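Working notes, beginning with the structure itself.
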Amino acid sequence: MPTYSDPHADAREASEAIRGLAHATQHIEDPEVLYPIIGETLATTRRLGQVLDQLARAHQHHTGRARTDDGDPAAGSQLAFEAAAALQEASALVDRADSTLDRAFNRAGQIAWQPARDERWISVVFLQGGEADPVMEMIDRQGTDAAIEFLAGWDVGDETVDAALENGYVYDAPPQTPADRVATRDVYALTYSPDLGYVGLTRQIDALPDPALLGIDTPAEVEAPAAEAPVTGEPARGRHRGRERREGASWFLPDAISEVAEARGIIR
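The sequence shown begins at 1 in the UniProt record's numbering and counts up by one.
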């Protein structure tokens with residue numbers, strides 16, 4: 001606690017308080033505290049300018065008692081005068097910093113911080129071995145954006161979220177190992193390893209993908225009957241897959257990839 005009477009003790013306490021603040025502000029999780037912290041820092045800066053002025057006057061007031069280590073009064077007085085002048089210069093610089101800090105305080109007070117987004121990620125699809133080969137070839141030929149767009153065709157919104165929650169495929173960040181490569185696009189993260197032979201697509205759990213990425217021109221468009229869907233190696237864009245799967249198929253394995261893999265004799 002400040003003594004308000006012992007300047008040396010209060011200076012030590014102020015130094016420790018600023019040291020603590022410097023440590024505490026290394027990582028600020030809640031931006032709501034930024035405005036009040038700047039306000040307290042602004043008040044501290046103004047008082048620092050006052051302290052420097054008062055220290056300058058104290059040097060001037062006690063000039064007659066100033067000596068060097070050798071006892072030279074003239075040299076001691078000169079040193080006291082120069083110290084006072086430097087303190088006054090420092091006070092002026094602090095005043096300039098105060099004006100700039102006041103501008104920061106004003107701007108920060110006008111910010112309406114929004115709640116942090118839920119950064120949990122869910123698995124959309126995970127393929128390995130022969131099932132991952134067609135996607136690996138797509139990455140080599142067309143790049144990761146094409147692979148993300150291709151796999152995103154099987155993100156069916158709440159159904160995908162429910163399946164991931166049910167199976168425990170929920171993560172604080174896109175899962176990856178040192179052997180993995182990661183690419184992102186929109187709200188998706190593609191994790192793949194050519195050496196280990198797997199590829200996975202994850203999505204931020206509460207984020208809405210760009211409809212264009214899913215190939216949906218008109219999101220509200222009524223689905224065409226499944227029987228009318230073209231049978232190709234590409235997903236039927238803008239259409240959700242049903243719950244019916246071919247016998248033995250993985251829930252997270254897209255039908256189109258299955259068809260490509262079957263055509264190459266990878267799976268049967």
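Each residue gets a CB set at the ideal place from its N, CA and C atoms; glycine is no exception.
In this text the structure is predicted, and so the values were computed from the model without any measurement.
DSSP beta-bridge partners of residue i
i	result
Ala183	Leu190
Leu127	Val199
Ile122	Val170 and Arg203
N-terminal and C-terminal residue of the alpha helix (DSSP H) that residue i is part of
i	result
Val94	Pro73 to Ala108
Arg47	Leu34 to His61
Leu21	Pro7 to Ala24
Pro141	Note on identity: in this sequence residue 141 is Arg, with Pro being the wrong assignment. Element bounds for Arg141: Asp133 to Gln142.
CB-CB length for residue i against residue j, believed under 8 Å
i	j	result
Val187	Leu151	That belief does not hold up - the Cβ atoms of Val187 and Leu151 are roughly 13 Å apart, past 8 Å.
Ile139	Tyr198	No, Ile139 and Tyr198 are not in contact; Cβ-Cβ is about 12 Å, not under 8 Å.
Trp113	Pro31	5 Å
Gly76	Ala86	The pair is not a contact, with the Cβ atoms about 16 Å apart (cut-off 8 Å).
Gly109	Tyr169	With a Cβ gap of about 43 Å, Gly109 and Tyr169 do not count as contacting.
Met136	Pro194	6 Å
residue 269	Arg46	Look at the range of the chain in this structure, 1 to 268, and you will see that residue 269 is not part of it.
Ala9	Thr3	5 Å
Could you tell me whether the stretch 100–119 touches the stretch 39–56, using the rule of 3 or more Cβ pairs below 8 Å? yes
Would you mind listing the alpha helix (DSSP H) stretches within the stretch 157–182 that are 4+ residues and don't spill past its ends, in chain order? 158–167
How about the stretch 159–174 and the stretch 200–207: do they share at least three Cβ pairs that are nearer than 8 Å? yes
Between the stretch 49–58 and the stretch 83–101, do three or more beta carbon pairs fall short of 8 Å? yes
If you pair each beta-carbon of the stretch 156–169 with each one of the stretch 115–122, do three or more pairs fall below 8 Å? yes
Any 3 or more C-beta pairs closer than 8 Å across the stretch 75–89 and the stretch 132–150: no
Examine the Cβ distances between the stretch 179–195 and the stretch 143–150 and report whether three or more of them are shorter than 8 Å. yes
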